[in-house]
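Asks: Each position in the sequence shown, counted from 1, maps to that position plus 47 in the working numbering. First the structure, which I've put down as structure tokens, then a few questions once you've had a look.
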Amino acid sequence: MITSLTQPVPLSDGNVIPGLGYGTFRMTPGEAAFYTKQAIDNGYRHIDCAWAYYNEEGVGQAIRECGVPRRELFLTCKVPTQYHGYHNVIWCLEDSLKRLRTEYADLLLVHWPLVSWITEPEAQKEDILDTWRAFEDLKKAGKVRSIGLSNFEKEHVELLLSEASEKPVLDQLQINPQCRQKPLTDFLKSKDIRIEGWASITRKKAFGEEILTDLAAKYGKSPAQICMRYVLQEGVLPLAKARSLDHLRQNMDLFDFELTPEEQERVATLEQKLGRFSTDGYTPRGPQTPQFGSY
Ligand SMILES: NC(=O)c1ccc[n+]([C@@H]2O[C@H](COP(=O)([O-])OP(=O)(O)OC[C@H]3O[C@@H](n4cnc5c(N)ncnc54)[C@H](OP(=O)(O)O)[C@@H]3O)[C@@H](O)[C@H]2O)c1
């Protein structure tokens, strides 16, 4: 488990990722420029972007204006489902890098595994493999340092582990008190694939739950900090978005308290009570990531 904001966490390809990430979902380019710079000024070094957030220009402006050398920042980019397929991926990353005005991404993720208009299981598998081949080639070409996944379930990861040349270093999943996904995270850990948690503070949805407010009172922290700490103690790298300076600072102040194992389990009961939420707002999906053949 990480013990500081920027702790370098090893990835299976030999690279490292700074422990806590700053999220940029649902910001205009102007907001992304302002708030990403504010996050970097306050110590964040790991910024989570995506082509589908339509604000990479803003993130790029922040990284140019923040005064921190590019090599000290860690930028994650994601390829959305509409750009699956070898040539589309190559175009999409070029487009992201152009908007970000940077030469490379530190980490490139497949944003979602399945494309809604491909319904045959074999065609879905070929689509993922073809997409991944472009990821492998982009890594060889030095356009990205590491390659990974997002919202991939066990069967999607298993396909790559058995068929691909290069193993994914990370799977970015919804992980928070109402979405533990323990069978999947146990599987990923057994394969030495890091887990990053999106919406680590539940987009505030669980803040009123008694278990979170009780623990917040006990430790003198906020429900958001209890959520972040829970994610950390699951062995997952949390990602949160915060525009308010107070929220931003709270979300970094996680390292002077610890939930007991019993408290960790009590927080995890919110998964049964509330359950996972989706979608990412752009991809037309239900609350569960579809399995092969389920479209
Ligand atoms: N891979 C994927 O499919 C995927 C999907 C969704 C998200 N993500 C990534 O994960 C990041 C985080 O997820 P998210 O942005 O959806 O949700 P989130 O980080 O769980 O929630 C963000 C919301 O919580 C508020 N907040 C932040 N810190 C707070 C605090 N300490 N106290 C009270 N409220 C607080 C923010 O308010 P203010 O902004 O007003 O401070 C904002 O409204 C995204 O930004 C994105 O980078 C990835």
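We put the CB at the ideal spot given by N, CA and C, even for glycine.
Using 10 angstroms around the beta-carbon of residue 37, count the other beta-carbons present and answer buried if the total reaches 16, otherwise exposed.
Replies: Lying before the first or after the last residue shown, residue 37 is absent from the chain, which here runs from 48 to 342.
Asks: Give the straight-line distance between the Cα atoms of residue 198 and residue 113, rounded to the nearest whole angstrom.
Replies: Whole-angstrom Cα-Cα distance: 31 angstroms.
Asks: Helix, strand or coil for residue 94 per DSSP?
Replies: Here residue 94 sits in strand by DSSP.
Asks: Is the separation between the beta-carbon of residue 220 and that of residue 214 shorter than 8 angstroms?
Replies: No. Outside cutoff.
Asks: When the Cβ atoms of the stretch 292–301 are set against those of the stretch 309–317, are three or more pairs found closer than 8 angstroms?
Replies: Taking 8 angstroms as the limit for Cβ pairs, the verdict is that the stretch 309–317 does not touch the stretch 292–301.
Asks: If we ignore side chains and look at the alpha-carbon of each, how far apart do residue 229 and residue 241 end up?
Replies: About 14 angstroms.
Asks: Near residue 246, which residues of its chain fall below 7 angstroms by C-beta distance, leaving aside the five closest residues on each side in sequence?
Replies: Counting only Cβ-Cβ distances below 7 angstroms, and skipping sequence neighbours, we find 221, 223.
Asks: Residue 280 bridges to which residues according to DSSP?
Replies: According to DSSP, residue 280 bridges with nothing at all.
Asks: Is residue 195 close to ligand 2? I mean its beta-carbon at under 7 angstroms from any heavy atom of the ligand.
Replies: Questions concerning ligand 2 fall outside what the structure shown contains, since the ligands it does hold are ligand 1.
Asks: Smallest Cα separation from residue 288: which of 59, 185, 93, 186?
Replies: For the residues 59, 185, 93, 186, the minimum Cα distance to residue 288 belongs to 93.
Asks: Have a look at residue 14 and residue 57 and give me their C-alpha separation to the nearest angstrom.
Replies: Summary: the structure shown does not reach residue 14, with the chain confined to residues 48 through 342, and so no result is reported for it.
Asks: Based on DSSP bridge pairs, tell me the residues matched to residue 125.
Replies: Its beta-bridge partners are 156.
Asks: What is the residue span of the alpha helix (DSSP H) that residue 230 lies within?
Replies: First-last of the alpha helix (DSSP H) with residue 230: 229–237.
Asks: Please classify residue 269 as buried or exposed, where buried requires at least 16 neighbouring CB atoms within 10 angstroms.
Replies: With 16 or more Cβ atoms within 10 Å of its Cβ, residue 269 is classed as buried.
Asks: With distances taken Cα to Cα, identify the nearest neighbour of residue 340 among 164, 258, 256.
Replies: Residue 164 is the option with its Cα nearest to residue 340.
Asks: Helix, strand or coil, according to DSSP, for residue 207 in the structure here?
Replies: If DSSP states are grouped into helix, strand and coil, residue 207 belongs with the helices.
Asks: When every heavy atom of ligand 1 is checked, does at least one fall within less than 7 angstroms of the C-beta of residue 241?
Replies: Result no, Cβ not under 7 angstroms from ligand 1.
Asks: Our contact map puts residue 36 next to residue 117 with C-beta atoms below 8 angstroms; I'd like the distance itself, whole angstroms only.
Replies: Only positions 48 to 342 of the chain appear in the structure, and residue 36 is not among them; the question remains open.
Asks: Going by DSSP in three states, residue 183 sits in which element: helix, strand or coil?
Replies: Residue 183: helix per DSSP, three-state reduction.
Asks: Would you check if the distance between the CB atom of residue 86 and the CB atom of residue 105 is smaller than 8 angstroms?
Replies: Contact: no.
Asks: Of the residues 97, 66, 100, which one's Cα is nearest the Cα of residue 90?
Replies: Considering only alpha carbons, the answer is 66.
Asks: Output the distance between the C-alpha atoms of residue 284 and residue 201, rounded to the nearest integer angstrom.
Replies: Each residue's alpha carbon lies about 19 angstroms from the other.
Asks: Going by beta carbon distance, what residues of the same chain come within less than 8 angstroms of residue 100, once the five residues before and after it are set aside?
Replies: Counting only Cβ-Cβ distances below 8 angstroms, and skipping sequence neighbours, we find 71, 72, 73, 74, 79.
Asks: Give the DSSP bridge partners of residue 311, in chain order.
Replies: Answer is none; residue 311 lacks a bridge partner.
Asks: Pick from 212, 140, 260: whose alpha carbon is nearest that of residue 60?
Replies: Closest option to residue 60, Cα to Cα, is 212.
Asks: What span of residues does the alpha helix (DSSP H) with residue 141 cover, start to end?
Replies: It spans 133–147 - the alpha helix (DSSP H) in which residue 141 sits, taken as one unbroken run.
Asks: In this structure, how does DSSP classify residue 113 when only helix, strand and coil are distinguished?
Replies: Coil.
Asks: Where does residue 88 sit, in a helix, a strand or coil, going by DSSP?
Replies: Three-state DSSP puts residue 88 in a helix.
Asks: Identify the continuous beta strand (DSSP E) that holds residue 218 and give its terminal residues.
Replies: That run of the beta strand (DSSP E) goes 217–221.
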